[in-house]
Every structure is written in C-alpha cells, then in structure tokens.
Amino acid sequence: MMVLAGTIWQRELVEFAQRRRALIIKLAFPLLVGIPLVTAAPPFYAALSLTMLIAIIGTVGAGAVLTRERHSGLTLRYRTLPVTPGRLLIERLSTSASIDLLQVTPVLVLIALRHPSRFEWWPALLLSTAAVLLLGNLMGAVASKLSDSPGEVMLYVFIPLLPLLYLSGVFTPLSQPVLLVISRLLPFSYLHESLLGALSGQPNLLPWETLLGGFGFLVGAAGLTGRLGRRVTESD
Amino acid sequence: MKANTASEPSLLAATGLSRSYRGGKGVFDITLKLAAGEVLGLMGPNGSGKSTLLRVLATAATASAGRVSWFGNPNPRSPSVRRRLGVMLDQAAHFDKMTGYQNAWFFARQFGLAGELARDRLDELFRWAGLWEARDQLVGEYSLGMQRKLNLVEALVHRPSILLLDEPTLALDYRAELDLIERLQLLSLTGTAVLLATNDVHLAERICDRVIFLHQGRAIREGHVPELLTELAGSKEVQLQMNSPIPLDTLRSLPAVEAANVDGDTVHIVLARGANPAQVLAVLNGTADLVSNMRVRRPNLGDLFLKLTGEALPVTHG
Numbered sequence: 002m003m004v005l006a007g008t009i010w011q012r013e014l015v016e017f018a019q020r021r022r023a024l025i026i027k028l029a030f031p032l033l034v035g036i037p038l039v040t041a042a043p044p045f046y047a048a049l050s051l052t053m054l055i056a057i058i059g060t061v062g063a064g065a066v067l068t069r070e071r072h073s074g075l076t077l078r079y080r081t082l083p084v085t086p087g088r089l090l091i092e093r094l095s096t097s098a099s100i101d102l103l104q105v106t107p108v109l110v111l112i113a114l115r116h117p118s119r120f121e122w123w124p125a126l127l128l129s130t131a132a133v134l135l136l137g138n139l140m141g142a143v144a145s146k147l148s149d150s151p152g153e154v155m156l157y158v159f160i161p162l163l164p165l166l167y168l169s170g171v172f173t174p175l176s177q178p179v180l181l182v183i184s185r186l187l188p189f190s191y192l193h194e195s196l197l198g199a200l201s202g203q204p205n206l207l208p209w210e211t212l213l214g215g216f217g218f219l220v221g222a223a224g225l226t227g228r229l230g231r232r233v234t235e236s237d
Numbered sequence: 034m035k036a037n038t039a040s041e042p043s044l045l046a047a048t049g050l051s052r053s054y055r056g057g058k059g060v061f062d063i064t065l066k067l068a069a070g071e072v073l074g075l076m077g078p079n080g081s082g083k084s085t086l087l088r089v090l091a092t093a094a095t096a097s098a099g100r101v102s103w104f105g106n107p108n109p110r111s112p113s114v115r116r117r118l119g120v121m122l123d124q125a126a127h128f129d130k131m132t133g134y135q136n137a138w139f140f141a142r143q144f145g146l147a148g149e150l151a152r153d154r155l156d157e158l159f160r161w162a163g164l165w166e167a168r169d170q171l172v173g174e175y176s177l178g179m180q181r182k183l184n185l186v187e188a189l190v191h192r193p194s195i196l197l198l199d200e201p202t203l204a205l206d207y208r209a210e211l212d213l214i215e216r217l218q219l220l221s222l223t224g225t226a227v228l229l230a231t232n233d234v235h236l237a238e239r240i241c242d243r244v245i246f247l248h249q250g251r252a253i254r255e256g257h258v259p260e261l262l263t264e265l266a267g268s269k270e271v272q273l274q275m276n277s278p279i280p281l282d283t284l285r286s287l288p289a290v291e292a293a294n295v296d297g298d299t300v301h302i303v304l305a306r307g308a309n310p311a312q313v314l315a316v317l318n319g320t321a322d323l324v325s326n327m328r329v330r331r332p333n334l335g336d337l338f339l340k341l342t343g344e345a346l347p348v349t350h351g
C-alpha cells in the first residue's frame, strides 16, 4: 500500500523507508562497526571510535543529501513552499537526525546490554548522542552550501570536525586547564564522556553533568538550526 | 485572456529588478506588472535571463536590486505569498524514490489542501495530464515529459492566483500541449494571472496577452501581442535550407532584408514590407544548388525578435 506523506518530516521518513537497500545498509553499518568495539575493545578506544562514528553519521549524511538536492533543483522547489526557512530546516534536520539516531540505536542497546550496571549513564548517552547528531546534521547542511558534490561535503565536514574532536579530548585525554575548558564548550566531549561512562570506562564528568551538557547542546542545536534556516535554505 | 489590463491592480509588480551572477549573467533593471486574468510571456533565447527572472518572481531566488511585490506584499518568504503562487521551474526536480502520486500529494498538502480536497483535485489533474495509469510508478522511472506533466499538476493543484511556468510545453506531446493551452485559457478567464517563460512562439501568440522580449538579461521590448505582430504586417519570413554556408553580410546589406540569421543549416530572413523573396534568390544567382529547400510564411513573434536583436529564438516546433 502506498503511504502518503503531507508534511516535511513524514516525507523524509517515507522516502527513507522506501529506499530498502539504503535502509538495510544504514542500519547494519553502525552495528557491524559497533559489535567488536563494544564487546572487545578497551573503553577508551571504543568511546573514541563510537564518538567519531556518530559525529560522521550526522554530518556526512545530511550534507550529501542536501548537495544532491541542490543539483537536482529540489532546493529551489523547497524554497517555493509556504514554509518559513527556519521551520523548514528544523523539520528537515531533526527528521534526518532522528533517522540517524535510529541508525545508532542498535549500538546504544548493545552497550546497555553489555554494561547493564552503568544505567545511570544511559539518559546522558541518549541526549548527548541526539545533540551531536543534530549539530552534525547542521554542520553537514552548512557544508553542502560550499560543496559541489557529496565528495566535497566530506572535505568541508572533516576539516573542522577532526580538530573539534581533538579539542573535545576524544583522541587523547586533556590535562591543560585551557584545553579542558574548551572541551566543555564542545558537544563531542559530552558524548565521549557518556560513552566512557556507559562502557565502564573512567569519565571525568559525573552522569548528571554530562546529561546537562547533552541537554544544553540539544536545545542550542535546535535554536541554531532555526536561526540559520534562511542562510542555509534561501541563500544562493 | 485580457486585451487591456493597464488600469487594473497588479497581483505581481516588479520595479528595477536585477539579479546578477558572477560572470555578468543575470537580469537587469526589469519592470513589469501582472494583473488578474492576464497572461504575460517572457521570450528570449537561452541565456537571456527568462528562467532567472521567473525564479525571482517565483520567490525561489532573491533579487540583487529593485523591488518586487506579490499581492502588495514585498516579502518573498511570506508563506501567505507563496501559498498563492503555482510554480513550475525549468528543472523537473522531484523525489525520485517516491511515486508520482506521493510527490503530488506532498506538494498539495504543503500548500494547505485538506486530505479529501487534495485527493479529489489530484485525481482530476492526474487524469487530465494522462498520468493516472502511472500514478503509482516511481518518478525516477518517469520520462521527462511525464515529469513535466507532474510539475504542472503540482503547480495547479492548489488553484493559485498566479501561475509562473518555465517552458511549460517543453517535452510535452502535441495533445498535451493543446490540453495545457485550453486549461491556461480557462484559468485566465477565471482570474488567474499567468507568467510564462517560453521560446514557443506559437504558444505565446495563442495565449499571451502581452510579451516581454529579453535579450542579454534586459527587457528590450514589451507589448500586446496583436500590436507587436502589426509591426510585421506585410513582411514575410523566408527560410532557406542550405547545402553549404552563404555570406550573411551580403544578405543583410540588401534593402529588402530586415534581419537574417543562421540556425543550423537554415537561414532565417525577415523581408521588409512589400519585398519579394525573389530579390533574395537573385543574390544567390548562380549558386541556386546551395539551396535545398525554401519556405515563405507569415512572420511571427520570433521574427520580430530576430528583427530587434539579430538573434533567432531557439526553434521549439518543427
């Protein structure tokens, strides 16, 4: 039976569900990467790899799709819809981030099953994952404005992403006070900390601090998406 | 269609509108008005700025300078403005992994149609466009003509006050073109304003009240179609299909020739009022084997454009 979608978020979901091959790949890929990390790798390396995986899933997917739409003319068609640019971008990116969250959910479930005693970290892990995915989608959307191809999106995404991950303390523990302060201003550090906590590692923050950070970045990402709506969707 | 709309309030008005791109392309200093029920044609060769102008007027692109207002509202991002526009851009642009009906349903609902009403209108429009049998087919499997028809369905479904259509007959078969002309005439009679960007002189002459000729991004001439055609009354258009090239300058220097241009192997010549095609053939004296075919016909808007610019509009009909 044909499913009809009348809203932007419904349309994104219907299209996602109808692309069966892409659906299987999108759901299977994080799990294939996640299984050895969660079951066999030391917590620090598992947290490092999973933080990178989640950040990349958020940024590259949205950027590639939006670049493709710009070339096919769909971006222009979206502009003629009677929807404000802010609402358009929020609706599109939050749906895309939700789909990404669905993608990484099996890995999060695996972590919970493997380390059930660390349940106090689960809310923080969920919120900080959502925040990183939404911000990643926004980064991808901005990168798509600069790119002429999905390949170029990767370039514009990785140039800021890798230093930001470093400054978040993802690659190596940070000891200098200045770097520690900077890391607390970046969403990846909260995701990394919550992953370390949930994987029975040694995080520097308490669960409630990580929860608060994740929540703050989620709200901030939503606000920023609305603010950047016009710049991302309407400028040529 | 309306004969005279000068005194009527404009649904769409642009003053000194410019939209420039790097490399000097774009549209510059365009002023136009569009009244309810009026059909206005934008004509010009590829690269003349038709699509750029239509995009700005359709709120898909922003003007670099000048003023535009839709229903008196200067804000192109206002949902209340966009809800009353029906837009068909130059690119078909659909969600390829969704069916034709799913695509059209999405746009109908976005433009505020309730479920039952959207279904009724879409059923009618899909039958009108000849897409009913293909409604459950993925758009990625549609031909270009079918995608363009789907664009028309999506532009018409919410019964907009202004229709902005970029090359609406492109890739349509003759039957579909006639159906479209009939529909646009009907819509114009019921007060819908229509703006067409087209190179199809037959379409423009048949349904446009006024046309604006665009050349290198500027409006070089505007007028009611009958008045524009009067300027060519008595003159003729000669088409010579050539076996090999002939010097155009020689032809252009003849007093009988108002304009001449080459399109592929065909030379288009607009003859002055009262001039005889034989005068042209006389120039080709001794080289008659160069000409493989000759056609003389009543001149049209394309010939007026040729006369004004020395450049021919692309041929959209055989």
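Residue numbers (this note's numbering), protein chains in the order written: chain P, 2 to 237; chain W, 34 to 351. Cβ atoms here follow ideal geometry from the backbone N, Cα and C, with glycine treated the same way.
Item                                                                                                                                      : Value
Continuous alpha helix (DSSP H) assignments of at least 4 residues falling wholly in the stretch 45 to 110 of chain P                     : 75 to 80
Cα-Cα separation between Arg-208 (chain W) and Gly-119 (chain W), rounded to whole angstroms                                              : 22 angstroms
Status (buried if at least 16 other CB within 10 Å, exposed otherwise) for Tyr-134 (chain W)                                              : buried
Helix, strand or coil at Val-303 (chain W) [DSSP, three-state]                                                                            : strand
Assigned exposure category for Gln-180 (chain W) - 16 Cβ within 10 Å defines buried                                                       : buried
Expected contact under 8 angstroms - CB spacing of Trp-103 (chain W) and Leu-50 (chain W) to nearest Å                                    : About 13 angstroms; that fails the 8 angstroms criterion.
Any chain W beta carbon closer than 8 angstroms to Glu-235 (chain P)                                                                      : yes
Backbone CA spacing between Arg-216 (chain W) and Val-186 (chain W) [nearest angstrom]                                                    : 12 angstroms
Cβ-based neighbour list, Pro-86 (chain P), same chain, cut-off 7 angstroms, excluding 5 preceding and 5 following                         : Gly-230, Arg-231, Thr-234 and Glu-235
Residue of W:Leu-203, W:Ser-81, W:Val-313 and W:Leu-228 minimising C-alpha distance to Leu-196 (chain W)                                  : W:Leu-228
Three-state secondary structure assigned by DSSP to Arg-185 (chain P)                                                                     : helix
Three-way DSSP call (helix, strand, coil) for Val-190 (chain W) in this model                                                             : coil
Distance between beta carbons of Ala-289 (chain W) and Gln-274 (chain W), contact taken as under 8 angstroms                              : Going by Cβ atoms, the distance from Gln-274 (chain W) to Ala-289 (chain W) rounds to 20 angstroms, so no, they are not a contact pair.
Local Cβ density within 10 Å of His-127 (chain W), reported as buried at 16 or more and exposed below that                                : buried
Option in W:Leu-219, W:Val-300 and W:Val-329 with minimal Cα separation from Leu-323 (chain W)                                            : W:Val-300
As assigned by DSSP and simplified to three states, the class of Asp-296 (chain W)                                                        : strand
Check whether Val-133 (chain P) and Phe-189 (chain P) have beta carbons under 8 angstroms apart                                           : yes
Closer than 8 angstroms to chain W by CB, Ala-6 (chain P)                                                                                 : yes
Cβ separation of Ser-201 (chain P) and Pro-37 (chain P), assumed to be a contact under 8 angstroms, to the nearest whole Å                : The pair is not a contact, with the Cβ atoms about 16 angstroms apart (cut-off 8 angstroms).
First through last residue of the beta strand (DSSP E) which encompasses Phe-246 (chain W)                                                : 243 to 248
Boundaries of the beta strand (DSSP E) in which Pro-132 (chain P) is found, first to last residue                                         : Per the sequence presented here, residue 132 (chain P) reads as Ala, with Pro not at that position. Not the beta strand (DSSP E): Ala-132 (chain P) falls in the alpha helix (DSSP H), residues 123 to 147.
Opening and closing residue of the beta strand (DSSP E) in which Ser-325 (chain W) lies                                                   : 324 to 330
Residue-chain proximity (Met-179 (chain W), chain P), Cβ-Cβ < 8 angstroms                                                                 : no
Check whether Arg-110 (chain W) and Phe-144 (chain W) have beta carbons under 8 angstroms apart                                           : no
Nearest-angstrom Cα separation, counted from Asn-294 (chain W) out to Arg-239 (chain W)                                                   : 25 angstroms
Neighbourhood of Arg-69 (chain P) by C-beta distance below 7 angstroms, restricted to the same chain and skipping five residues each side : Pro-151
Min CB distance Arg-88 (chain W) to chain P below 8 angstroms                                                                             : yes
Coarse secondary structure for Ala-204 (chain W), derived from DSSP in three states                                                       : coil
Three or more C-beta pairs below 8 angstroms linking the stretch 159 to 178 of chain P and the stretch 10 to 24 of chain P                : no
Chain P contacts made by the stretch 149 to 162 of chain W, where a contact means CB separation under 7 angstroms                         : none
Ala-252 (chain W) in three-state terms, based on DSSP                                                                                     : strand
Nearest residue (CA-CA) to Lys-130 (chain W), options W:Glu-174, W:His-248 and W:Ala-237                                                  : W:Glu-174
Listed by chain order, chain P residues near Lys-83 (chain W) by CB distance under 7 angstroms                                            : Simply none; closest approach about 15 angstroms.
Of the listed residues W:Asn-108, W:Arg-330 and W:Gly-70, nearest to Pro-310 (chain W) (C-alpha basis)                                    : W:Arg-330
Stretch pair the stretch 278 to 286 of chain W + the stretch 217 to 236 of chain W: three plus CB contacts closer than 8 angstroms        : no
Buried or exposed (CB count within 10 angstroms, at least 16 for buried), Val-110 (chain P)                                               : exposed
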